[in-house]
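Just so you know, the sequences run in chain order A and B.
Numbers 3 to 136, taken from the working numbering, label the letters of the first sequence in order.
Numbers 356 to 530, taken from the working numbering, label the letters of the second sequence in order.
Below is one structure, written out as structure tokens; the observations come after it.
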Amino acid sequence: TVGAVACDMQGNIAAATSTGGMTNKNYGRIGDSPLIGCGTYANNKTCAVSCTGHGELFIKVVAAYDVSCLMEYANMNLHDAMNKVVNEKLVAINGEGGIIGVDAKGNFALLFNSEGMYRGVKTSDGLNEVAIYK
Amino acid sequence: MKYTIAVHGGAGTILQTNMTPGLEQNYKRGLQQALNAGYSILENGGTAMDAAVAAVIVLEDDILFNAGRGSVFTKKGLHEMDAAVMNGADLMAGAVCGVQHIRNPIKLAEAVMLKTEHVMLCGDGAANFAKEQGFVFEPDEYFFSKFRYDQWNEMKGSDAYQLDHSVKNTGKKFG
Numbered sequence: 003t004v005g006a007v008a009c010d011m012q013g014n015i016a017a018a019t020s021t022g023g024m025t026n027k028n029y030g031r032i033g034d035s036p037l038i039g040c041g042t043y044a045n046n047k048t049c050a051v052s053c054t055g056h057g058e059l060f061i062k063v064v065a066a067y068d069v070s071c072l073m074e075y076a077n078m079n080l081h082d083a084m085n086k087v088v089n090e091k092l093v094a095i096n097g098e099g100g101i102i103g104v105d106a107k108g109n110f111a112l113l114f115n116s117e118g119m120y121r122g123v124k125t126s127d128g129l130n131e132v133a134i135y136k
Numbered sequence: 356m357k358y359t360i361a362v363h364g365g366a367g368t369i370l371q372t373n374m375t376p377g378l379e380q381n382y383k384r385g386l387q388q389a390l391n392a393g394y395s396i397l398e399n400g401g402t403a404m405d406a407a408v409a410a411v412i413v414l415e416d417d418i419l420f421n422a423g424r425g426s427v428f429t430k431k432g433l434h435e436m437d438a439a440v441m442n443g444a445d446l447m448a449g450a451v452c453g454v455q456h457i458r459n460p461i462k463l464a465e466a467v468m469l470k471t472e473h474v475m476l477c478g479d480g481a482a483n484f485a486k487e488q489g490f491v492f493e494p495d496e497y498f499f500s501k502f503r504y505d506q507w508n509e510m511k512g513s514d515a516y517q518l519d520h521s522v523k524n525t526g527k528k529f530g
């Protein structure tokens, strides 16, 4: 699964996610992360997020929208909201994977509870990083 | 105003022992190319939506990642892909699922968002919409990768399945 989130000069944010799913999937199974609200979500008031991992678990916890809700209703910042979902809610049901997110101020977070996640970030502040492992 | 792009490939049990320096370099190069594609749009005043889609297209075209070219095999030995986009400015969203032969499913998801009254199209219906919109279709060979084929061969004939970057079947059942 691949994905991207972005915040532009106008403070608008967006999310995109794409996948081939799981190896040997059957019965027309869908449910990797590219489902709106589960693995892909964007709202200028809160965040834009894209998820990767065991899609069924992201569906169950409505992971992407949950990050947004934690920011909107519990006043959490992006990192704390993502951490709650990735390292508490998903872990509680053995959900393995990660989430990348940005907010409308250009802040970002890249969190995962698995051994690794292919990831990268580039900002107008001059930050430019790619990484695989923790 | 600060602008930012972030990208991800898959997550899972990525064993460092299976990762050669050359392969690691190729993965990182792919991620960097995706970042650069999105960032160049942002620094030229483009939209977050265009930047996110541009970055994902680079990763879909990269055979190392499980999306577009290089997608994993289904039980029937096919490639069935899903993609979704959402715009934070107006909460518009689009998605496709179970699509085959579409070179860039993320562009099709964006077209669903921009050119239909719907949020999600699936399978044959999504393919018909793609044809109407003039999308590029590719043969099965385009999506083939030896690495994914070997992964599938290890599981072929079983009811097991696995995450794109994990090394062992979890044996778990979800949902």
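Using N, Cα and C, we set each Cβ at its ideal position, and we do this for glycine too.
Predicted, not measured: the structure shown is a model, and the values here were computed from it.
Can a CB atom of chain A be found closer than 8 Å to the CB of residue 387 of chain B? To locate residue 387 of chain B, count along the second sequence from 1; it is residue 32. Taking Cβ atoms only, chain A reaches closer than 8 Å to residue 387 of chain B, which makes this a yes.
Taking only three categories from DSSP, how would you classify residue 380 of chain B? For this step, residue 380 of chain B is matched to residue 25 along the second sequence. Three-state DSSP puts residue 380 of chain B in a helix.
Under 8 Å by Cβ, that's how I've got residue 18 of chain A and residue 461 of chain B pegged, so tell me the actual separation to the nearest angstrom. The sequence position of residue 18 of chain A within the first sequence is 16, counting from 1. The sequence position of residue 461 of chain B within the second sequence is 106, counting from 1. Residue 18 of chain A to residue 461 of chain B, Cβ: 6 Å. Contact.
DSSP puts residue 135 of chain A in a beta bridge; with which residues? Mapped onto the first sequence, residue 135 of chain A falls at position 133. According to DSSP, residue 135 of chain A shares a beta bridge with A:118.
Enclosing alpha helix (DSSP H) for residue 29 of chain A [first to last residue]: Position 27 of the first sequence, counting from 1, holds the residue named residue 29 of chain A. For residue 29 of chain A, no alpha helix (DSSP H) segment is defined, and its DSSP state is neither H nor E.
Would you check if there are 3 or more beta carbon pairs closer than 8 Å linking the segment 378 to 390 of chain B to the segment 423 to 431 of chain B? Using a Cβ-Cβ distance cut-off of 8 Å, the segment 378 to 390 of chain B and the segment 423 to 431 of chain B are not in contact, since fewer than three pairs of beta carbons, one from each stretch, lie closer than that value.
Is the segment 73 to 88 of chain A in contact with the segment 19 to 39 of chain A, if contact means three or more CB pairs nearer than 8 Å? With the cut-off at 8 Å, the segment 73 to 88 of chain A and the segment 19 to 39 of chain A do not touch.
Can you tell which of A:106, A:53, A:119 and A:118 has its C-alpha closest to the C-alpha of residue 87 of chain A? As a first step, residue 87 of chain A must be located in the first sequence, where it is residue number 85. Of the candidates A:106, A:53, A:119 and A:118, the one whose C-alpha sits nearest the C-alpha of residue 87 of chain A is A:53.
Length at least 3, wholly inside the segment 377 to 447 of chain B: the beta strand (DSSP E) runs in chain order: Entirely contained in the segment 377 to 447 of chain B, the beta strand (DSSP E) runs reaching 3 residues are, in chain order, 436 to 442.
8 Å Cβ shell around residue 503 of chain B - same chain, five flanking residues per side excluded: For the purposes of this step, residue 503 of chain B is identified with residue 148 of the second sequence, where counting begins at 1. If we look at residue 503 of chain B and ignore the five residues flanking it on each side, its Cβ neighbours are 421, 425, 426, 427 and 428.
For residue 124 of chain A, three-class secondary structure by DSSP: One-based indexing of the first sequence puts residue 124 of chain A at position 122. When DSSP states are grouped into helix, strand and coil, residue 124 of chain A belongs to the strand group.
Per DSSP, the bridge partner or partners of residue 112 of chain A: The residue given as residue 112 of chain A occupies position 110 in the first sequence. BP columns for residue 112 of chain A point to A:102.
Three or more C-beta pairs under 8 Å: does that hold for the segment 437 to 454 of chain B against the segment 505 to 515 of chain B? Judged by pairs of C-beta atoms under 8 Å, the segment 437 to 454 of chain B does not touch the segment 505 to 515 of chain B, as fewer than three such pairs exist.
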